[in-house]
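Note sheet for the following structure.
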Amino acid sequence: MSDLSASQKDHIARQFMEAIPHTRALSMQMDFIGNGKAEVSMPYDEKLVGDPETGVVHGGAVSALIDTCCGAAVVSHPLSPLGTATIDLRIDYMRPATPGERISAEAECYHVTRSVAFVRAHAFDADKTRPVASATGAFTVGQAERKDNT
Numbered sequence: 042m043s044d045l046s047a048s049q050k051d052h053i054a055r056q057f058m059e060a061i062p063h064t065r066a067l068s069m070q071m072d073f074i075g076n077g078k079a080e081v082s083m084p085y086d087e088k089l090v091g092d093p094e095t096g097v098v099h100g101g102a103v104s105a106l107i108d109t110c111c112g113a114a115v116v117s118h119p120l121s122p123l124g125t126a127t128i129d130l131r132i133d134y135m136r137p138a139t140p141g142e143r144i145s146a147e148a149e150c151y152h153v154t155r156s157v158a159f160v161r162a163h164a165f166d167a168d169k170t171r172p173v174a175s176a177t178g179a180f181t182v183g184q185a186e187r188k189d190n191t
């Protein structure tokens, strides 16, 4: 679907992520991208705490991290065009992230159709054996042709 090389797509995905104000505000960092897989992380930040008594990062910040990582995985897939948008993202929160620890997400785009890419993802803190959250999602690929003039 895309005439760009894998390295070109990866480079563009990194630039796109760095240009999004929300990812910059959360200090997200692209740790790996390629061939339908991505790893994105963000540091612990007290501004992201959802429970001041425990210091646990708010689930919305974890959600944004997972969504960003999934989108990057889709963009880097060999059969995917460059653009994507989230159609549906289901996140199951399994435990709170440990306060003070960096949170990372790993995503894999495992299937691409003409119009939809399917992704699996997990978020972790320092304990890679116990996920903080698990997700599945569907993302757009390309533009559907319009048959009307709207």
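Residues in the sequence shown are numbered consecutively from 42, following the working numbering.
Note that CB positions come from ideal geometry on N, CA and C, so glycine has one too.
Just so you know, these numbers come straight off a predicted model, no measurement behind them.
Where the alpha helix (DSSP H) through residue i begins and ends
i      : result
Ala114 : Gly100 to Ser117
As assigned by DSSP and simplified to three states, the class of residue i
i      : result
Ala146 : strand
Lys88  : helix
Met71  : strand
Glu80  : strand
Ser48  : helix
Ala174 : strand
Ala179 : strand
Ala164 : strand
Ala54  : helix
Unbroken beta strand (DSSP E) run spanning residue i, endpoints
i      : result
Arg65  : Per DSSP, Arg65 belongs to no beta strand (DSSP E); it is in the alpha helix (DSSP H), Pro62 to Ala66.
Asp133 : Thr127 to Tyr134
Rounded distance between the beta-carbons of residue j and residue i, thought under 8 Å
i      : j      : result
Ala176 : Ile128 : About 13 Å separates the two Cβ atoms, so there is no contact after all.
In DSSP terms, what residue i is bridged to
i      : result
His152 : Phe159
Val97  : Asp92
Short CB-CB distance (under 9 Å) between residue i and chain C
i      : result
Ile107 : Reference to chain C is not applicable here, since this structure consists of a single protein chain.
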